[in-house]
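J.: When the sequence shown is numbered by our numbering, its final residue is 170 and no position is left out of the sequence of numbers. After the structure tokens below, expect a handful of questions from me.
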Amino acid sequence: MKKTVDDCIFCKIAKGEIPSTTIYEDDDFKVMLDINPASKGHAVILPKNHAANIFELEDEDAEKIFKVARKCAAAMMEVLHCDGINILQNNGEAAGQTVFHLHVHLIPRYNGDTVNITWKPGTPEEDAAELAARIKAAVK
Ligand code: 5GP
Ligand code: ZN
31 MKKTVDDCIF CKIAKGEIPS TTIYEDDDFK VMLDINPASK GHAVILPKNH AANIFELEDE
91 DAEKIFKVAR KCAAAMMEVL HCDGINILQN NGEAAGQTVF HLHVHLIPRY NGDTVNITWK
151 PGTPEEDAAE LAARIKAAVK
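Shown next, in the form of structure tokens:
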């Protein structure tokens, strides 16, 4: 039995209550074309179990989702003839998340396209070793 949330649009899509342009589906995931694509063929992977973000994602779904990403990305490369593909996932408003049901973006990239997923490289952190040690100690 999948965990769903009543007022979650992606749960409704995952259950088939709202139609979507599906490119892949199995017992645990649905993959659909994004309604406002960043580029031609932009797709999103939804787990059928509701998880607001990566921290709520069940281990089993976490283990499987990258395999689904690879499978779909390979098909997209073949069909779309794109030159590359970004696979990304946003957690929290600050990170650009707008739909609070975890999803993984598959964004086909075309040479010279105007998709903007970049950052300005910073300078090396002086306290990198101390920072790394603190995070390392917090990893569970
Ligand atoms: P986020 O910003 O949360 O990482 O991404 C949410 C994505 O879901 C956006 O790219 C948005 O266009 C897409 N999206 C939102 N609502 C719908 C919908 O009803 N159907 C589809 N196919 N995509 C949606
Ligand atoms: Zn949901």
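We put the CB at the ideal spot given by N, CA and C, even for glycine.
#1: I need the DSSP call for isoleucine 48, collapsed to helix, strand or coil.
#2: I believe isoleucine 39 touches valine 129 by the beta-carbon criterion, under 8 angstroms. Please report the beta-carbon distance rounded to the nearest angstrom.
#3: In whole angstroms, what is the alpha-carbon distance linking glutamate 55 and methionine 62?
#4: Per the DSSP calculation, methionine 107 is bridged to which residue(s)?
#5: Classify glycine 122: buried if its beta carbon has 16 or more other beta carbons within 10 angstroms, exposed otherwise.
#6: Is DSSP giving lysine 32 helix, strand or coil here?
#7: I'd like to confirm something about asparagine 141: is its beta-carbon nearer than 7 angstroms to some heavy atom of the ligand 5GP, or not?
#8: Which whole-angstrom value is the C-beta distance of isoleucine 75 and phenylalanine 59, which I expect to be below 8 angstroms?
T.: According to the data block:
#1: Residue state for isoleucine 48 is assigned as coil, using DSSP reduced to three classes.
#2: Contact holds; Cβ gap of about 7 angstroms.
#3: Going from the Cα of glutamate 55 to the Cα of methionine 62 covers about 9 angstroms.
#4: Under DSSP, methionine 107 shares a beta bridge with no residue.
#5: A residue is called buried when at least 16 other Cβ atoms come within 10 angstroms of its Cβ; glycine 122 does not meet this threshold and is exposed.
#6: In the structure shown, lysine 32 sits in coil (DSSP, three-state: anything other than H, G, I, E or B).
#7: No, the beta carbon of asparagine 141 sits no closer than 7 angstroms to any heavy atom of the ligand 5GP.
#8: Yes, isoleucine 75 and phenylalanine 59 are in contact; Cβ-Cβ is about 6 angstroms, under 8 angstroms.
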